[in-house]
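Input: a single structure, listed below in structure tokens.
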Amino acid sequence: MADSTPLLTQRNSSADSKQPPPSLDEVIEQCVGDLGLSQFIQAIIVSISWAFDAQQTFISVFTEAEPTWHCTDQHGNGLCNDNICHLSKDSWAWDRPIYSSVISDWGLECSSSFIKGLPASSFFMGCLAGGLFLTTLADSCLGRKNMLLLSCLMMSFASLLTVFSPNIWIYSVLKFVNGFGRATIGTCALVLSTEVVGKRWRGQVGVIGFFCFTLGFLSLPAIAYINRDSSWRHLYLWTSIPTIFYCILVHLWVRESPRWLLIRGRKDEAMGILTSIAAIDGSCLTSNFSDFRFEQESWNVDIYSAIKILLEKRWAFRRLSTVMVVGFGTGLVYYGMPLGLGTLDFNLYLSVMFNALSELPAALITFFLINKLNRKCSLLVFSSLSGVCSILCVLLGKLSSKIQIGLEMISFFCACTGFNILLIYTIELFPTCVRNSAISMVRQALVFGGVFSPVLVAAGRESALLSYGVFGLVIGICGVFVICLPETMGETICDTMEEEEHKQRFPSNGEEGI
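Printed below as a string of structure tokens:
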């Protein structure tokens, strides 16, 4: 097992003392306060990236939808309920322009489910690959800000190039690149916005990103409706160009996390940032940090060190594997239900809008109650309720389409709330030196659930039990694993592995976490 050297230690502290030295969290909070204006503005700017992330995540609901069609002659009228592939080309026509969807534009109406679902699956596979290759860069060499900037640029340019796709194969490759770039946006934005504020406001600041994600999701049906008779390529133009301008804003105005700079040994840069946002006189920083020496932890030697230490430390591996299991079940529902809206007997634009609106109360609940919500109980309740409503959507959905969409919305709302709490919970479970990598792995698990979603949605066209029924069972079972985690509500977050281990050996509440 790799050794870990404390990031900051008092020069005169005893090695065998049970009292830990003042933590970086406490020193920073004392000097910069809970939440100042500059911290709040940075949190807003960083969190806007979630809106563009949401647009690219769910844009397939419209660009790859299978359009409705109608018969055009008397011969075809008698076969209007038949399979479109059994009709001659001159006996039917699309209800909207042929270029309104990828399916109609490239004549994929009779292609296999694998071909139709390839772009969406490629996107999620890109997310997985991006998470694996990019996940540790924010903790190692690039930092939070540069990783966020790189991810947004890669996603926006891939989206822009998608406009020029000549066929489904090039389109799928660009969707893969899109997902690859998008993989770390939410993670970097969440970590960067929360690491510069005090623990009192950390939860609420983290939720700002969830609000922005909701706004991005909500913007999609509006953009799609405006362009309903235009080419599907317009949707990618409308969502990629603003992201490029946003990248310029991030480069000019966003500052790096001082916590990350300190644990990387870049004290002068960190002190400069802390001084610019200090709530009191900057001399506080000098006096408080003068008694500490900053050393990079000895295990942190390459870009994959954070992942290695998470796997080698028994307590870290147990926490990581547990939150990833919960994340997989949550992701299956979170990504699967919007993709499956086209199979419901309800207006697609309205159903997507209702699902997007479901994220708003989820974000509000998290924002106002995060400091009062027990993490373990909340996740258990929301995952169980989501599972029950998803299964009831299958059993009672045949009675009425309104009942079906209502149960689907409740299930999706619970999954959204669980998603939000899980990310905040993960921030609190892991120290600064591995936090970005840990959250990235949890998001990998969420996306991994999303990889299976298109397959289940396709199967659900034949039997809803294979989609919504499976969604409910998986999230319900996975949610139970949260009971294996320690409670973190109101706890001070740690910055080094040693600090976290000291906290476990001498817990303030008398209970030892895993």
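In terms of the numbering used here, the numbers along the sequence shown are unbroken and rise by one, the last being 538.
Where is the CB? At the ideal position from N, CA and C, for every residue including glycine.
Query: Secondary structure of Trp-339, DSSP reduced to three states; Result: helix
Query: Residue nearest to Leu-161 in terms of C-alpha spacing, selected from Pro-478, Leu-423 and Met-465; Result: Met-465
Query: DSSP bridge partner residues for His-94 (one or two, in chain order); Result: Ala-117
Query: C-alpha distance - Pro-143 paired with Ser-196, whole-angstrom precision; Result: 4 Å
Query: Cβ separation of Cys-440 and Ser-477, assumed to be a contact under 8 Å, to the nearest whole Å; Result: Contact flag wrong, Cβ pair sits at about 15 Å.
Query: Check whether Val-278 and Val-70 have beta carbons under 8 Å apart; Result: yes
Query: Cβ-Cβ separation, Gln-80 to Thr-263 (assumed contact under 8 Å), whole Å; Result: 7 Å
Query: Reduced DSSP secondary structure (H/G/I, E/B, other) of Asn-170; Result: helix
Query: Expected contact under 8 Å - CB spacing of Leu-489 and Ile-463 to nearest Å; Result: About 33 Å separates the two Cβ atoms, so there is no contact after all.
Query: Secondary structure of Ala-75, DSSP reduced to three states; Result: helix
Query: Buried or exposed (CB count within 10 angstroms, at least 16 for buried), Arg-338; Result: exposed
Query: Enclosing alpha helix (DSSP H) for Trp-277 [first to last residue]; Result: 257-277
Query: Contact check, Ser-461 vs Ser-435, beta carbons under 8 Å; Result: no
Query: Ser-445 and Lys-223 closer than 8 Å at C-beta; Result: At residue 445 the sequence reads Ile, which differs from the Ser that was named. It is not a contact, given that the beta carbons lie outside the stated cut-off.
Query: Own chain, CB closer than 8 Å to Ala-75, minus 5 neighbours either side, in chain order; Result: Cys-236, Phe-237, Leu-239, Gly-240 and Ser-243
Query: Stretch-stretch touch, CB-based, cutoff 8 Å, three pairs: the stretch 496-513 with the stretch 404-414; Result: yes
Query: Range covered by the alpha helix (DSSP H) that runs through Trp-193; Result: 192-206
Query: Reduced DSSP category for Pro-510 - H, G, I as helix; E, B as strand; rest coil; Result: coil
Query: 8 Å Cβ cutoff met for Arg-206 and Gly-154; Result: yes
Query: Inter-residue CB distance, Ser-217 and Ala-67 (contact presumed, cutoff 8 Å); Result: 4 Å
Query: Spatially closest choice to Ser-145 from Cys-417, Glu-525, Gly-360 and Cys-401, by CA coordinates; Result: Gly-360
Query: Where Trp-130 sits in the DSSP three-state scheme; Result: coil
Query: Expected contact under 8 Å - CB spacing of Thr-96 and Ala-78 to nearest Å; Result: Not quite, the Cβ-Cβ distance comes to about 38 Å (not below 8 Å), so this is no contact.
Query: Same chain only: Cβ atoms within 8 Å of Leu-453, ignoring 5 sequence neighbours per side; Result: Arg-343, Val-347, Ala-462, Leu-509, Pro-510 and Thr-512
Query: Rounded separation between Gly-421 and Ile-389 - CA only; Result: 27 Å
Query: For Glu-524, the three-state DSSP class (helix, strand or coil); Result: helix
Query: Backbone CA spacing between Phe-341 and Val-458 [nearest angstrom]; Result: 12 Å
Query: Buried or exposed (CB count within 10 angstroms, at least 16 for buried), Ser-294; Result: The sequence given here places Ala at residue 294; Ser does not occur at that position. Looking at its Cβ environment, which holds 16 or more other Cβ atoms inside 10 Å, Ala-294 is buried.
Query: Asn-371 versus Phe-204, Val-479, Ile-394 and Lys-426, residue with shortest Cα-Cα distance; Result: Lys-426
Query: Touch test, the stretch 279-287 against the stretch 166-182, Cβ-Cβ under 8 Å, three pairs minimum; Result: yes
Query: Runs of alpha helix (DSSP H) lying entirely within the stretch 136-171, each at least 4 residues, in chain order; Result: 137-158
Query: Neighbourhood of Phe-234 by C-beta distance below 6 Å, restricted to the same chain and skipping five residues each side; Result: Ala-387 and Asn-444
Query: Among Glu-515, Val-126, Leu-356 and Gln-63, nearest to Gly-411 - alpha-carbon criterion; Result: Leu-356
Query: Runs of alpha helix (DSSP H) wholly within the stretch 417-492 (minimum 4 residues, chain order); Result: 425-453 and 456-484
Query: Euclidean distance between Cα positions of Glu-219 and Met-521; Result: 16 Å
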